[in-house]
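Protein chains in written order, with UniProt numbering: chain A, 1 to 258; chain B, 1 to 709.
Okay, structure coming up:
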């Protein structure tokens, strides 16, 4: 539509993620590296699923709408499964890398814990996924026109931005829960992550009924957020202490010598 | 979003590229822009901004409705859609003064011509480059005696700072109307609500100010690929003669006294490259082609003492580009003959709208003040009158002393007084009510075919217009023969064929891709024939092999109608210049034409045509020869260059919907910053990476998420 819509939607989609990056990751080069590697792993999973998609579309019958719709559903499901497989692959890689890093460094403790890696890799997945979801749409939002001349809904750009924000945060929560489940060998949690990812992706088939797809997605995001918080060791007590800035550990950590 | 994003990503898989853009924009295909032309002193035409002009569509109902566009409408700027009837000078001038509320205009060209006539040309065409100036005769300058084009409103010569496009009345226009009716009309006269239907027009022109400025900018050579901003208008004149002339020996030809039969080839309109020119150009040159064909046999058997030179001038609508160039070359010994060889000139002007079989012979009263010129002109007029006897044509002379109408002959008179006449169908003002406009089409000449004829049948059907022009061609041919000194006994053998005339009219005005034209052109030219009518805009100058389609068609037609078939092979025909000196390339030109297709097969029997027909450059001497870009004597018209021209429609949203995302942006940025500033995480000391700090990270994330809403 105009530059206003472009910047607005960009910051809706990427605002929280960029804020998280700036305040929690940017200072530590190791975290940045693992974030970028996580993004790359997501990208490779996308490449593989797009290859499969390309081949199947070429084979298929272009004219049959039902077949194309079926192909689309197949593509989405395949892509989700591949993403989760690559998340598992990244977990395995990080475990091995961590042992290597420990052997190299002089310190006794690991330079970065598996929980931080979970968060960072999840955010990496989220960034790349969000970029591919929304950059195409943002590029067209700069022009003077808005969607609607063929009868589509006016709220396309805004809904895309909100959906992207949800997906990025969801990837982060899934990362935390997934790695925690792998650490503790809780396979049912793993399956729950995969299923919720599938559910959120399939909810997008509700579009253009944006309420039908966005509201459940945000509900799932909230629930996953709570689960991830609990996996990371949070509790109501911690939350209260943090919000009222009375957390002793935190105060100790930030204590400055005179 | 995920599904859609995947679809849009995998564009290689045959899914159409960029489906988001297709959801937003509807591209319009059959739109013709108005472009910028420059001359020594002015720039005319239209200009858009470099990123296109966007305006809310408004279909204008009447002139009073302009108030909505110019003052009362709440959503400026507007893109005004005009029906043909509303495309008048008063409305366009009001839009021109709209200052910021008018983003552009689009004219819907109706299929029927406006009843009261429409001519965007000036009232006095080519008034500064003809022969009538203050020095020649002040009483006749600037159309003081006769206004030739009284319906002219001069729109083509105005400058507009918004784009103006023309639309044909078809599916795209219907889409625009539906969009307008669906979104831009308020309920019961109230303010229309967003989203509104808008249109964007791109026609950014690179040249500005005048010809001298843009030619100077053409020469700036800072980079490897210098950017040209404008090109001179021009093309090629077609000329041929009854007896071949030595084209390599330029300058005066001893013993040659020639009668020049001249006409014009081009036309123009308000919009770029649309110039149907039926009455203003086609009627004239079809008549001359038919006359040349009628004279062919007689001049082979009994050639008259003087040679007849047929000339078809291009670019006459733009200050006589073609004729000024030829006269300059004749005067400076750069043409096969010079002005001393010219005995007289007979020009065929607009001749298609004859009412009651009367045709008018115009002559120049100023040069006729000289007795010898007067005697010659009178005898030429008598020749014409006597040639018209026994035919359905009457040649009359205007009853009062009147200057010549705008014609190429005026450029000859500027060089020296020569006896000559201009034949036209109007006594004083033009009979053509659509002079140099988009409406000067076949219907203007009353060229109608009965229904239910196939294309081939229409090609052969002899219309009344064809008969009338054939009669005139016979008169002109006989008069030319007599003027060239031929014997009276031969006159009865000179007759133009109505069949040839009707085929030419069909080919030039209805459909150029017909069987007759296909047989007469070389194989490499057949792709230029289209199933629509030709347009006669002169365009920018190119190499001879890329001359304009009408020019080349006239060249091949003249070659076929006045040349002879030679029995040589195709290679010899093409290489006649090099292989055989006996083929006399200085006298003749050779062209290999396709020939007729044998029935039931696509093979064509081609043959070689030898004729005296040549192309001569029709670019104003002000450009390549003199380089005087501010010349007052010669045409200095140039056409600007542009990158792309396109049009599209889409919906625009209200400003509220645009700004809401920015509100979220504000929330997004400032609140998390304030929150996190109070809970900095130290990352340097690794031993504090306890379980606790990880909790902090997650808690901060949740805070951010909550506040960003």
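For each residue, glycine too, the CB sits at the ideal point set by N, CA and C.
Because the structure is a prediction, the values reported are computed rather than measured.
Open item on the list: For residue 198/A and residue 653/B, what's the separation of their Cα atoms in angstroms?
Closed with: 34 Å
Task: residue 200/B - partner residues in DSSP beta bridges - done: 54/B, 648/B
Open item on the list: With a threshold of 7 Å on Cβ separation, who are the neighbours of residue 174/A within its own chain once the five nearest residues in sequence on each side are excluded?
Closed with: 122, 193, 197, 224
Open item on the list: Please identify, using Cβ separations under 7 Å, the residues of the region 541 to 574 of chain B that lie next to chain A, in order along the chain.
Closed with: none
TODO: Show which residues of chain B have a CB atom less than 9 Å away from the CB atom of residue 180/A.
DONE: Within chain B, no residue comes near residue 180/A; the closest Cβ sits about 11 Å away, beyond 9 Å.
- [ ] Step through the CB atoms of chain A and report whether any lies within less than 8 Å of the CB of residue 200/B.
- [x] yes
TODO: State the Cα-Cα distance for the pair residue 206/A and residue 172/A, rounded to the nearest angstrom.
DONE: 24 Å
Task: Interface positions of the region 634 to 656 of chain B facing chain A (Cβ-Cβ less than 9 Å), listed along the chain - done: 648, 649, 650, 651, 652, 653, 655
- [ ] Determine the burial state of residue 187/A: buried for a count of at least 16 other Cβ atoms within 10 Å of its Cβ, exposed for fewer.
- [x] exposed
Open item on the list: Is it buried or exposed, residue 2/B, if we count other Cβ atoms within 10 angstroms and call 16 or more buried?
Closed with: Low confidence applies here, because residue 2/B scores a pLDDT of 46, under 50, leaving its location unreliable; read the following figure in that light. When all chains shown are included, residue 2/B counts as buried.
TODO: Return helix, strand or coil for residue 83/B, following the three-state DSSP convention.
DONE: strand
Task: Assigned secondary structure, residue 495/B (DSSP; H/G/I helix, E/B strand, else coil) - done: Coil.
Open item on the list: Assuming residue 96/A is part of the alpha helix (DSSP H), what are its boundary residues?
Closed with: 65 to 104
TODO: List the residues of chain B that residue 106/A touches, going by C-beta distances under 7 Å, in chain order.
DONE: Counting only Cβ-Cβ distances below 7 Å, residue 106/A has no contacts in chain B at all, with the closest Cβ about 11 Å away.
TODO: Flag residue 534/B as yes if its beta-carbon sits less than 8 Å from any beta-carbon of chain A, otherwise no.
DONE: False, the Cβ-Cβ gap to chain A never drops below 8 Å.
Task: C-beta neighbour in chain A for residue 20/B, strict 8 Å - done: yes
- [ ] Determine whether the Cβ of residue 67/A lies closer than 8 Å to any Cβ atom of chain B.
- [x] no
TODO: List the endpoints of the continuous beta strand (DSSP E) containing residue 412/B.
DONE: Taken as a continuous stretch (DSSP letters only), residue 412/B belongs to no beta strand (DSSP E), being part of the alpha helix (DSSP H) at 409 to 415.
Open item on the list: Three or more C-beta pairs under 8 Å: does that hold for the region 101 to 119 of chain B against the region 162 to 180 of chain B?
Closed with: Under the Cβ criterion (8 Å, minimum of three pairs), the region 101 to 119 of chain B counts as touching the region 162 to 180 of chain B.
Task: Reference residue 200/B, options 81/B, 586/B, 425/B, closest by Cα - done: 81/B
Open item on the list: Between residue 145/A and residue 651/B, how many whole angstroms is the CB-CB distance? I'm expecting something under 8 Å.
Closed with: 6 Å
Open item on the list: From the DSSP secondary-structure annotation, give me the bridge partner or partners of residue 167/B.
Closed with: 31/B, 108/B
- [ ] Label residue 243/A either buried or exposed according to how many other C-beta atoms from any shown protein chain fall within 10 Å of its C-beta, with 16 as the threshold for buried.
- [x] Burial call: exposed.
TODO: Would you identify the three-state DSSP class for residue 382/B, choosing helix, strand or coil?
DONE: In this structure, DSSP gives residue 382/B a helical state, which the three-state scheme calls helix.
Open item on the list: So, does the region 44 to 64 of chain B touch the region 201 to 215 of chain B, judging by three or more C-beta pairs under 8 Å?
Closed with: yes
Open item on the list: Taking the beta strand (DSSP E) that residue 608/B belongs to, which residues open and close that run?
Closed with: 607 to 611
Open item on the list: Which runs of the alpha helix (DSSP H) at least 4 residues long sit entirely within the region 414 to 464 of chain B? Give them in chain order.
Closed with: 455 to 460
Task: Sheet register partners of residue 309/B (DSSP bridge) - done: 241/B, 260/B
Open item on the list: Starting from residue 590/B, trace the beta strand (DSSP E) in both directions and tell me its first and last residue.
Closed with: Secondary structure note for residue 590/B: its beta strand (DSSP E) is the uninterrupted segment 589 to 593.
- [ ] Kindly indicate the opening and closing residues of the beta strand (DSSP E) around residue 46/B.
- [x] 43 to 46
Open item on the list: Measuring straight from C-alpha to C-alpha, what distance separates residue 532/B and residue 133/A?
Closed with: 47 Å
Open item on the list: I'd like the list of long-range same chain contacts for residue 634/B, defined as Cβ closer than 6 Å, with 5 residues on each side in sequence excluded.
Closed with: 324, 620, 621, 622
- [ ] Tell whether a beta-carbon distance below 8 Å holds between residue 275/B and residue 283/B.
- [x] Not closer than 8 Å, so no.
Task: Residue of 432/B, 456/B, 354/B minimising C-alpha distance to residue 471/B - done: 354/B
Task: Separation of residue 39/B from residue 628/B, as counted between CA atoms - done: 12 Å
- [ ] Using a Cβ-Cβ cut-off of less than 8 Å, list which residues of the region 221 to 254 of chain B approach chain A; keep chain order.
- [x] none
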